[in-house]
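Enquirer: Supplied in structure tokens, the structure appears directly below.
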Amino acid sequence: MDITYSPVTELNLLKDLQDRIGYENFADGFGLTKYGDISGLVAGWSGDPEFTDLLIPFAQATGGGSFYALWKLDDRADLATLPVVVFGDEGGQHVVARDLRELFQLLGFDTEITVDWERAYYYRDEDEPHSDGHDEYAAWLDQHFGLPVAVDPDVVLAAAQAELGQRFTDWVRPFLP
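Residue numbers (my numbering): 2 to 178.
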């Protein structure tokens with residue numbers, strides 16, 4: 002396992018998979034990026050340390066430049082249990098998963114997330130082919146975490162939004178341009 006990528010075991014396992022089967026090759030538009038690189042936050046949102054110190058960017062969410070980050074809403078030691086937020090390349094920021102494992106299930110839906118100011122969502126046509134590494138990713142998710150891929154991503158997103166959406170919106174508001 003690549004322990005040099007991050008201090009998060011789950012992300013290191015995913016990095017190993019990505020190194021084997023390729024960037025954007027198991028979940029459409031997704032790829033792990035430099036862990037903790039805040040340049041996108043600073044460029045598009047805020048360079049305020051009160052903002053950047055509580056977010057850990059770790060992955061591209063879309064080919065257009067949206068990205069995922071962990072939100073350090075408290076001082077928990079297990080970073081994999083932190084909520085996952087998305088920042089859209091054309092604006093908008095939302096909680097998408099209550100933890101990394103939920104995000105991993107969403108990635109298994111195998112389509113880019115759509116992010117706008119009002120919401121974030123996943124949509125794929127029934128006849129849209131899966132990424133080349135999708136089956137290997139689904140097997141990886143089951144093997145390492147005993148989880149299935151999300152069949153209905155709206156359920157996962159709704160649960161995350163219900164629990165943490167307003168709290169994130171209230172927290173991020175003072176930092177928005």
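Every residue, glycine too, gets a C-beta built ideally from N, C-alpha and C. Here the structure is a predicted model, which means the values were calculated and not measured.
1) With C-beta atoms as the reference, is Pro-179 less than 8 Å away from Gly-45?
2) Going straight from the alpha carbon of Pro-8 to that of Leu-14, what length do you get?
3) Are the region 74 to 81 and the region 126 to 138 touching, with three or more C-beta to C-beta distances below 8 Å?
4) Between which two residues does the alpha helix (DSSP H) containing Ala-98 stretch?
5) Which word fits Thr-63, buried or exposed, when buried means at least 16 other C-beta atoms lie within 10 angstroms of its C-beta?
6) Counting pairs of Cβ atoms below 8 Å between the region 17 to 29 and the region 152 to 163, do you hit three or more?
7) Could you name each continuous beta strand (DSSP E) segment of 3 residues or more that falls completely within the region 134 to 168, going from the start of the chain to the end?
8) Find the nearest neighbour of Val-85 within the set Gly-92, Glu-91, Gly-65 and Leu-108, judged by alpha-carbon distance.
9) Excluding sequence positions up to five away, which residues of its chain have a Cβ less than 6 Å from the Cβ of Asp-90?
10) Could you tell me whether the region 164 to 171 touches the region 95 to 110, where touching means 3 or more Cβ pairs closer than 8 Å?
11) Measure the Cβ-Cβ separation of Leu-83 and Asp-100 and say whether it is below 8 Å.
12) Classify Thr-53 as buried or exposed, calling it buried when 16 or more other Cβ atoms lie within 10 Å of its own Cβ.
13) For Val-9, does the three-state DSSP call read helix, strand or coil?
14) Taking the alpha carbon of Arg-120 as the point to measure from, which residue in Val-87, Val-43 and Asp-17 has its own alpha carbon closest?
15) Give a yes or no on whether 8 Å exceeds the smallest Cβ distance from Trp-72 to chain C.
16) Could you tell me which residues DSSP puts in a beta bridge with Ile-57?
Expert: Taking the geometry as given:
1) Past the boundaries of the shown model lies residue 179; the chain is included only from 2 to 178, so the question cannot be answered.
2) When only Cα atoms are considered, Pro-8 and Leu-14 end up about 11 Å apart.
3) Taking 8 Å as the limit for Cβ pairs, the verdict is that the region 126 to 138 does not touch the region 74 to 81.
4) Careful: Ala-98 lies outside any alpha helix (DSSP H), inside the beta strand (DSSP E) at 94 to 98.
5) Buried, since its Cβ has 16 or more Cβ neighbours within 10 Å.
6) As far as the Cβ criterion goes, the region 17 to 29 does not touch the region 152 to 163, which means the pair count is below three.
7) Scanning the region 134 to 168 from its first residue to its last, no whole beta strand (DSSP E) run of 3-plus residues comes out.
8) Looking at the Cα atoms, Leu-108 is the closest of the given residues.
9) Taking C-beta separations shorter than 6 Å and ignoring five residues to either side along the sequence, the partners of Asp-90 in its chain run Gly-65, Gly-66 and Ser-67, following chain order.
10) Three or more Cβ pairs drawn from the region 164 to 171 and the region 95 to 110 lie within less than 8 Å of each other, which places the two stretches in contact.
11) It is a contact, given that the beta carbons lie within the stated cut-off.
12) Label assigned to Thr-53: buried.
13) It is coil, neither helix nor strand.
14) With distances taken between Cα atoms, Arg-120 lies closest to Val-87.
15) Absent from the structure is chain C; it holds one protein chain and no more.
16) Per DSSP, Leu-71.
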